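So the sequence lines, in the order shown, correspond to chains A and B.
For reference, each letter of the first sequence is one residue, going 144 to 286 in my numbering.
For reference, each letter of the second sequence is one residue, going 144 to 286 in my numbering.
Glycine included, every Cβ here is placed at the ideal spot set by N, Cα and C.
Everything numeric in this text was worked out from a predicted model, so none of it was measured.
In what follows, a single structure is set out as structure tokens and then discussed.
There are 2 protein chains.
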Amino acid sequence: MFIGEYNHTIDTKGRLNVPSKFREALGDHFIVTKGLDNCLFVYPINEWSILENKLKQLPMTNRDARAFVRFFFSGATECELDNQGRIRIPSNLRDHAFLEKEAVVIGVGTRLEIWSQQQWTDYNSDENLSYDDIAVKMQELGI
Amino acid sequence: MFIGEYNHTIDTKGRLNVPSKFREALGDHFIVTKGLDNCLFVYPINEWSILENKLKQLPMTNRDARAFVRFFFSGATECELDNQGRIRIPSNLRDHAFLEKEAVVIGVGTRLEIWSQQQWTDYNSDENLSYDDIAVKMQELGI
DNA sequence: GTAAATATGTTTATTGGTGAATATAATCAT
DNA sequence: ATGATTATATTCACCAATAAACATATTTAC
Numbered sequence: 144m145f146i147g148e149y150n151h152t153i154d155t156k157g158r159l160n161v162p163s164k165f166r167e168a169l170g171d172h173f174i175v176t177k178g179l180d181n182c183l184f185v186y187p188i189n190e191w192s193i194l195e196n197k198l199k200q201l202p203m204t205n206r207d208a209r210a211f212v213r214f215f216f217s218g219a220t221e222c223e224l225d226n227q228g229r230i231r232i233p234s235n236l237r238d239h240a241f242l243e244k245e246a247v248v249i250g251v252g253t254r255l256e257i258w259s260q261q262q263w264t265d266y267n268s269d270e271n272l273s274y275d276d277i278a279v280k281m282q283e284l285g286i
Numbered sequence: 144m145f146i147g148e149y150n151h152t153i154d155t156k157g158r159l160n161v162p163s164k165f166r167e168a169l170g171d172h173f174i175v176t177k178g179l180d181n182c183l184f185v186y187p188i189n190e191w192s193i194l195e196n197k198l199k200q201l202p203m204t205n206r207d208a209r210a211f212v213r214f215f216f217s218g219a220t221e222c223e224l225d226n227q228g229r230i231r232i233p234s235n236l237r238d239h240a241f242l243e244k245e246a247v248v249i250g251v252g253t254r255l256e257i258w259s260q261q262q263w264t265d266y267n268s269d270e271n272l273s274y275d276d277i278a279v280k281m282q283e284l285g286i
């Protein structure tokens with residue numbers, strides 16, 4: 144289980160130090176994809192494989208399926224920790240998440256998320272994100 | 144599995160560098176054909192065989208099936224990597240995908256796709272896929 | 001045949017990715 | 001608190017991939 148929040152910087156070549164706390168659980172290979180809310184999702188290989196098999200079976204003849212499959216596969220990249228614990232984030236993924244220099248890596252249970260510091264700040268200060276209000280909605284969902 | 148997105152240029156003779164990440168999985172010859180949504184599909188030989196078999200089984204009596212089969216077979220061409228990793232894309236295929244200079248090559252699981260940069264940008268900015276759609280699909284797939 | 005057009009091959013320059021080294025900061029143990 | 005250890009940030013240098021330019025074939029049209 145991934146938990147916590149860590150600030151890191153991305154170097155001029157687009158590399159990011161993975162917080163040391165996460166490294167063991169991640170393994171040295173994993174997948175980074177475009178995520179929801181303008182961040183990146185990081186999945187361990189086994190989680191990704193399941194998803195990959197499902198995506199592979201969607202029909203190429205269906206317009207929506209094509210769009211979805213394109214989004215996921217083209218927006219994915221396999222990463223490997225280099226010998227100082229960094230990964231390189233391709234530019235299309237950096238663009239998706241508005242990543243430049245200051246990044247935030249958070250643990251979200253089964254996955255990690257990578258945010259630009261600015262986006263993460265904005266997201267958390269967003270008025271329509273009142274945790275008290277959300278709690279009420281969660282109650283409706285039976286939590 | 145092919146994943147990722149790469150920008151490349153097509154030279155004045157209609158040749159395109161295949162991204163080095165894809166070369167091993169593609170083999171040194173493979174099939175390029177007219178794809179859906181104004182791009183080109185690229186299949187390794189074995190994936191093409193699978194597709195070919197499916198196409199062969201479509202009923203000749205069905206008008207749409209005939210059109211679809213013609214589209215795929217007539218638009219197909221076998222390509223071979225030259226000794227610096229390039230392929231030549233015939234002009235009828237380039238026309239189909241509006242390919243001129245700036246191209247984008249994406250991995251889409253079992254195949255690659257080649258887009259003109261302009262078309263790819265347009266496709267992604269159109270409402271082919273909203274965030275809500277993505278979220279719904281993700282839930283369906285249990286991501 | 002020859003010239004033009006197209007295809008194929010080679011060379012060089014440029015870009016971008018990778019690895020290593022160093023510097024700074026944070027954490028831990030004593 | 002102090003020094004030792006680990007983690008993170010930054011920089012530099014090298015190598016591989018790609019782009020561009022150029023050269024040589026091969027085909028096609030006349």
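- Between the alpha carbons of Asp154 of chain B and Asn189 of chain B lies a distance of about 29 angstroms.
- In the displayed model, Thr253 of chain A falls within coil according to three-state DSSP, outside both helix and strand.
- Within chain A, the residues whose beta carbon sits less than 8 angstroms from that of Phe145 of chain B are Phe216, listed in sequence order.
- Straight across, the Cα-Cα distance linking Asn196 of chain A with Gly178 of chain A is about 19 angstroms.
- Close to Ala278 of chain B, with beta-carbon spacing below 9 angstroms, are these residues of chain A in chain order: Leu179.
- Assigned with DSSP and collapsed to three states, Thr264 of chain B falls in helix.
- The residue from B:Phe216, B:Lys164, B:Met281 with its alpha-carbon nearest to that of Ser192 of chain B is B:Phe216.
- The beta carbon of Leu159 of chain A does not come within 9 angstroms of any beta carbon belonging to chain B, so the residue lies off that interface.
- Every unbroken stretch of the beta strand (DSSP E) spanning 3 or more residues and falling wholly within the stretch 172-256 of chain B is given here in chain order: 172-177, 183-187, 220-223, 229-231, 245-251.
- For Arg237 of chain A, the closest alpha carbon among the candidates A:Pro202, A:Leu284, A:Phe184 is that of A:Phe184.
- Those residues of the stretch 193-225 of chain B placed with their C-beta closer than 8 angstroms to a C-beta in chain A do not exist.
- For Pro187 of chain A, there are no neighbours in chain B by C-beta distance under 7 angstroms, as the nearest C-beta there is about 13 angstroms away.
- When secondary structure is reduced to three states using DSSP, Glu283 of chain A falls in the helix class.
- Scanning chain A for C-beta atoms nearer than 7 angstroms to the C-beta of Thr253 of chain B yields Lys199, reported in chain order.
- In the structure shown, Glu167 of chain B adopts helical secondary structure according to DSSP, grouped into three states.
- Under the three-state reduction of DSSP, Ile146 of chain A is assigned to coil, being neither helix nor strand.
- Val175 of chain B is positioned such that its CB atom lies closer than 9 angstroms to that of Ala219 of chain B.
- Nearest to Arg254 of chain A by C-alpha distance, out of A:Ala168, A:Ala240, A:Arg158, A:Glu223, is A:Ala168.
- The stretch 267-279 of chain B makes contact with the stretch 207-214 of chain A: 3 or more CB pairs, one atom from each, lie closer than 8 angstroms.
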